[in-house]
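Accompanying notes for the structure given below.
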Amino acid sequence: DVIKINKNNKIIDNFISGIFSKKDLISPAYINMQNPKYFEIDNLYYSSLIVVNYYREQTDLLLKNLIETNINISIFYEKQDSYKTIKDLTYHIGNVGVELKEANENRQDIDIASYTYNDAKYIRKEMQINNEDLYFLYIYIVIYDTELKKLEYYLNKIEGITQSKGIQTKRANFREEEIFLSTLPETPSILPLSVYCQT
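What follows is the structure, encoded as structure tokens:
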């Protein structure tokens, strides 16, 4: 027997629904990750920056000057163990205190050591007396464009803007895939790249 099938037939609908899912409709048709400095998805090039350090005090909104650029930003926070943190701070305060007493270095080095000493004492006091918690902050920036030259231009531009605001960044070479996945809204389970980011 021959079954005649037309476009309105339920057999076709059932067959197509069995092949395609909602995930297939939003999945890219092409991904190229051969280059460690960037990767390509459906004719868009992506490259990433990791914020590795910033000024001890911020009076301005972080990253507000980057809003008009083609970027995705993800911010993660990770709570630290209070007991271990206080123990580490106490050890750090003791070492820096000795260094300050015996310092024969230049004025700038002494000022930096003094800042870290006072900051460490302040954080320890807030945790011990006011029961405050300490969190590590991870900021990932993914830049994208249709042309590699423009992508490099935006990377340099953002690095310049962040540096002028006292924010140090590092290019995520060889870690592009992890950073990109961390900025996707459907993957909240991606963990921060703690070892790679901490300074």
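Under the working numbering, the first residue of the sequence shown is numbered 29, with each subsequent residue one higher. Just so you know, even glycine gets a beta-carbon here, dropped at the ideal spot from N, CA and C.
Check	Outcome
Could you please give the first and the last residue of the uninterrupted alpha helix (DSSP H) stretch that includes threonine 113?	110 to 129
Could you pull out every residue in the same chain whose Cβ sits closer than 7 Å to the Cβ of tyrosine 182, ignoring the five residues on either side in sequence?	Thr97, Asn98, Ile171 and Asp173
Excluding sequence positions up to five away, which residues of its chain have a Cβ less than 8 Å from the Cβ of leucine 176?	Tyr66 and Tyr73
Could you say which of Lys149, Ala57 and Ile101 lies nearest to tyrosine 119 if we only look at CA atoms?	Lys149
Using only alpha-carbon positions, find the residue among Glu106, Ala141, Lys153 and Val126 that is nearest to tyrosine 166.	Glu106
Could you name the residues of the same chain whose beta carbon sits closer than 8 Å to that of isoleucine 186, not counting the 5 residues immediately before and after it, in chain order?	Leu77, Leu94, Thr97, Ile99, Ile169, Ile171 and Thr197
Can you pull the DSSP bridge partners for glutamine 196?	Asn81
Can you give me the start and stop residues for the beta strand (DSSP E) that aspartate 52 sits inside?	That residue, aspartate 52, is in no beta strand (DSSP E); its alpha helix (DSSP H) goes 50 to 54.
Check aspartate 161 in the structure and name its three-state DSSP category.	coil
Do you know how far the Cα of lysine 115 is from the Cα of glutamine 108?	12 Å
Pick from Arg152, Val126, Val79 and Ala57: whose alpha carbon is nearest that of threonine 190?	Val79
Taking asparagine 184 as the reference, which of Leu162, Ser75, Pro213 and Ile59 has the closest Cα?	Ser75
Can you tell me whether phenylalanine 202 is buried or exposed, with buried defined as 16 or more other CB within 10 angstroms of its CB?	exposed
Hey, out of Ser110, Gly194 and Lys112, whose CA is closest to tyrosine 83's CA?	Gly194
So the alpha helix (DSSP H) glutamate 204 belongs to, where does it begin and stop?	204 to 210
Going by other Cβ atoms of all chains shown within 10 Å of its Cβ, with 16 needed for buried, is serine 102 buried or exposed?	buried
Please report the straight-line C-alpha distance between lysine 122 and glutamate 85, rounded to a whole angstrom.	Correcting the residue identity first, residue 122 is glycine in this sequence and not lysine. Cα to Cα, the separation comes out at about 23 Å.
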